[in-house]
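According to the numbering used here, the residues represented by the sequence shown are -7 to 241, in order. Backbone N, C-alpha and C fix where the C-beta goes; we use that ideal spot for every residue, glycine too. Here the structure comes first, spelled out in structure tokens, and everything after it is commentary.
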Amino acid sequence: MTSVRDLHPLQGEAGFTWRGVNPTRVEALSDMVFAFALTLLVVSSQPPGSLAELEAQLWAFPGFAAAFAILLVIWHSHYIFFRRYALQDGWTTILNAGLLFIILFFVYPLKYLGTMFAEFVRSLMAGAPTAPFTLAEAEFSLALMSLGYAAVFGVFFALYAHALNKGDALDLTQRERELTRFAIWQQGVHVFVGVLAALGALLLPAPWSAFSGFAYALIGPLIFVGGARLAQDPKPARKPTPAMQEREL
């Protein structure tokens, strides 16, 4: 029996056979929405009419780059999920639609904070650092973006949980199930940190609320802890199916 990896030797990843080779219509629509969201990051920018305007746009580049990178991370997470599992059932379609809706909302606070960050860096380099918005505006903006961030990865959490629930139908190997559980842990970490940052921005007294964004520094250590725990405490293997044995050979 010929496997997907035999037909496409450069597809997939170590320990995980990709079940999705050709993009589906769901993925095509998703790519269009991601492209539109990236466009929204720069849609209000006009070609510079003077050197001063060009300089202002160049100073805005770091904020745009940060927002661009965050959207690309989300797009890559979406890409990996559909390459791994290629699910096209009703629940996956509903969750994916919800994810696209949230992304179109999420891009606005993301762009706003990126712009404000660029303005602050510009004032800092000029030798006269000034806050681009009030503390109350910073708290609300950070809370809004963090809730959107948590919502995005909350949908990914539900998608991976759904894929694990479909493990028998997908003929997931033991290693693939472990990687799926680890992916669920990763998405859960993102949700937890996003909610933590939002609560800190809304509930902590000033000026401590301004530091709630540092909660995002917890993402790396928490994901590392989950990976170490997964390596030390693997789940018991189930009896492999013929399809699983064929792929593992």
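- For residue 74, DSSP records no beta bridge to any residue.
- Just measuring C-alpha positions, the residue of 205, 128, 50 sitting nearest residue 198 is 128.
- Residue burial annotation: residue 42 is exposed, with fewer than 16 other C-beta atoms found within 10 angstroms of its C-beta.
- Annotation for residue 167: 7 place their beta carbon closer than 7 angstroms to its own, counting only its chain and skipping 5 residues before and after.
- Cβ neighbours of residue 152 within its own chain (closer than 8 angstroms, five residues either side excluded): 73, 172, 175, 176, 179.
- The continuous alpha helix (DSSP H) containing residue 177 extends over residues 166 to 195.
- Contact between the segment 12 to 31 and the segment 75 to 84 is present: 3 or more CB-CB pairs across the two stretches fall below 8 angstroms.
- Beyond the five residues adjoining it in sequence on each side, residue 135 comes within less than 7 angstroms, by CB distance, of 190, 193, 194 in the same chain, given in chain order.
- In this structure, residue 183 keeps its C-beta atom at 8 angstroms or more from the C-beta atom of residue 214.
- Within the same chain, Cβ atoms closer than 7 angstroms to the Cβ of residue 137 are found at 101, 102, 105, the five residues on either side in sequence being excluded.
- Note that the C-beta distance between residue 55 and residue 132 is not below 8 angstroms.
- Taken atom to atom, the span from the alpha-carbon of residue 12 to that of residue 71 is near 10 angstroms.
- Here residue 216 is not near residue 186, since their CB atoms are 8 angstroms or more apart.
- In this model, residue 32 and residue 90 are separated by some 19 angstroms (Cα to Cα).
- Taking 8 angstroms as the cut-off, the Cβ atoms of residue 154 and residue 107 do not count as close.
- Pairing residue 22 with residue 92 gives a Cβ-Cβ distance under 8 angstroms.
- Residue pairing by DSSP places residue 5 opposite 8 in a beta bridge.
- Nearest neighbour of residue 130 by Cα position, chosen from 211, 203, 88, 147, turns out to be 203.
- Only residues of its own chain outside the window of five on either side were considered, and among them 131, 192, 193 have a CB closer than 7 angstroms to the CB of residue 201, listed in chain order.
- Under the 10 Å beta carbon count, residue 164 is surrounded by 16 or more other beta carbons and is classified as buried.
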